[in-house]
Amino acid sequence: MYDFSMLMKDVDELRSHSIVRVHEIGQSVLNKPIVELQIGEGETYVHMNASFHANEWITSAVVMAFVNDYVQALKNKNHLFGYDVQQLYKKTTLSVVPMVNPDGVDLVLHGKKAAQHYEDEVLHINEGNDDFSQWKANIRGVDLNNQFPAKWEVEKERKIPKAPAPRDFPGFSPLTEPEAQAIATLTKERDFFKVLAFHTQGKEIYWGYEQCEPLEAEEEVNEFAKWSGYTPVRYIDSHAGYRDWFIFNWKRRGYTIELGEGVNPLPFSQFQSIYNDSIGIFVTALART
1 MYDFSMLMKD VDELRSHSIV RVHEIGQSVL NKPIVELQIG EGETYVHMNA SFHANEWITS
61 AVVMAFVNDY VQALKNKNHL FGYDVQQLYK KTTLSVVPMV NPDGVDLVLH GKKAAQHYED
121 EVLHINEGND DFSQWKANIR GVDLNNQFPA KWEVEKERKI PKAPAPRDFP GFSPLTEPEA
181 QAIATLTKER DFFKVLAFHT QGKEIYWGYE QCEPLEAEEE VNEFAKWSGY TPVRYIDSHA
241 GYRDWFIFNW KRRGYTIELG EGVNPLPFSQ FQSIYNDSIG IFVTALART
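When we follow UniProt numbering, the leftmost residue of the sequence shown carries the number 1, and every step to the right adds one.
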């Protein structure tokens, strides 16, 4: 498993490298820092994030493995997946938020005690069940990837939960939750060239929204598919997600990558195969700017 404390231990280790910059972009409901890692000198910002959804915590482990291997390759002047990483470092700045939803991740992995003063509330939302393995939301029962103002009203209308729930409740209005607010503010401030949001599962890559995606997105997603074996999917009947909002507002490339296959939460035994499949996506995304 990969929880918030493991993430922060890895962040502290990365902090010791002068090429890694660490920023706190906000705090979760339970006041855990939401951390952004930055690596690179380029004016072109490529953003990646993971664990929008609590029971998709394996995505944080995978993204942090990418980052660590990138840093090691830079330090040792090695290539990574056939690419000269020194060139990538000069040309781009990688922005990574490895755990958007730290409270939810810890709830899934450690149970109700991790909810602290929200313990009674999460038990009520979970209908008294102590098993939080299917929990996707933040600690207040809001699905963070249904919080963005891209046809949010459509999702609010058709989502079954009309109140806090373990999954799918988009909130009472857009961007009410501190975790979603932190990512939205960061996105506006950094003016990202492209974004990649890592989720599980299904081995698919969603890359279009409302015909707002640029032409070059198709060429790039086909490259991702070639390296990963994942299936590109242009449109799905979904709104109010982070990627939707980014494509809709900036008309730039945005991807949701559904790592692995099976039933969430995916077992950690899938980590290596997921990493092997998706390292090509990570490096190609940095290279194609």
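Beta carbons are placed, not taken as given, at the ideal position from N, Cα and C, and that holds for glycine. None of these values were measured; they are calculated from a predicted model.
Alpha-carbon to alpha-carbon, residue j and residue i
i       : j       : result
Gly-229 : Pro-265 : 21 Å
Ile-274 : Ile-39  : 23 Å
Ser-109 : Pro-149 : Note on residue identity: the sequence assigns Leu, not Ser, to residue 109. Distance between the alpha carbons of Leu-109 and Pro-149 is about 30 Å.
Arg-234 : Val-283 : 21 Å
Gly-82  : Lys-188 : 32 Å
Ile-281 : Val-96  : 14 Å
Lys-159 : Phe-169 : 7 Å
Ser-28  : Glu-179 : 5 Å
Asn-145 : Ala-285 : 22 Å
Glu-41  : Asn-249 : 26 Å
Val-35  : Ala-115 : 20 Å
Ala-217 : Trp-227 : 16 Å
DSSP state of residue i mapped onto helix, strand, coil
i       : result
Tyr-242 : helix
Leu-107 : helix
Gln-27  : strand
Arg-15  : helix
Asp-84  : strand
His-117 : helix
Glu-153 : helix
Ile-160 : coil
Ala-285 : helix
Tyr-275 : helix
Ser-269 : helix
Asn-146 : helix
Leu-7   : helix
Extent of the continuous alpha helix (DSSP H) to which residue i belongs
i       : result
Asn-126 : Per DSSP, Asn-126 belongs to no alpha helix (DSSP H) and is neither H nor E.
Arg-234 : Unbroken run through Arg-234: none, as it is neither H nor E.
Element boundaries [beta strand (DSSP E), containing residue i]
i       : result
Ile-58  : Here Ile-58 belongs to no beta strand (DSSP E); instead the alpha helix (DSSP H) covers 58-76.
Glu-36  : 33-40
Gly-254 : 253-259
Met-48  : 44-50
Thr-93  : 92-97
Contact check, residue i vs residue j, beta carbons under 9 Å
i       : j       : result
Asn-138 : Phe-132 : no
Ala-54  : Asp-103 : yes
Leu-196 : Met-1   : no
Ser-278 : Leu-259 : yes
Glu-56  : Gln-201 : yes
Tyr-255 : Lys-156 : no
Leu-175 : Gln-147 : yes
Gly-128 : Pro-164 : no
Residue i beta carbon near the ligand NAP (any heavy atom closer than 8 Å)
i       : result
Cys-212 : Within the structure as shown, the ligand NAP is missing, as the structure has no ligands at all.
At which residue ranges does the region 179-232 contain complete beta strand (DSSP E) runs of 3 or more residues, listed in the order of the chain? Runs of the beta strand (DSSP E) inside the region 179-232: 194-200 and 204-206.
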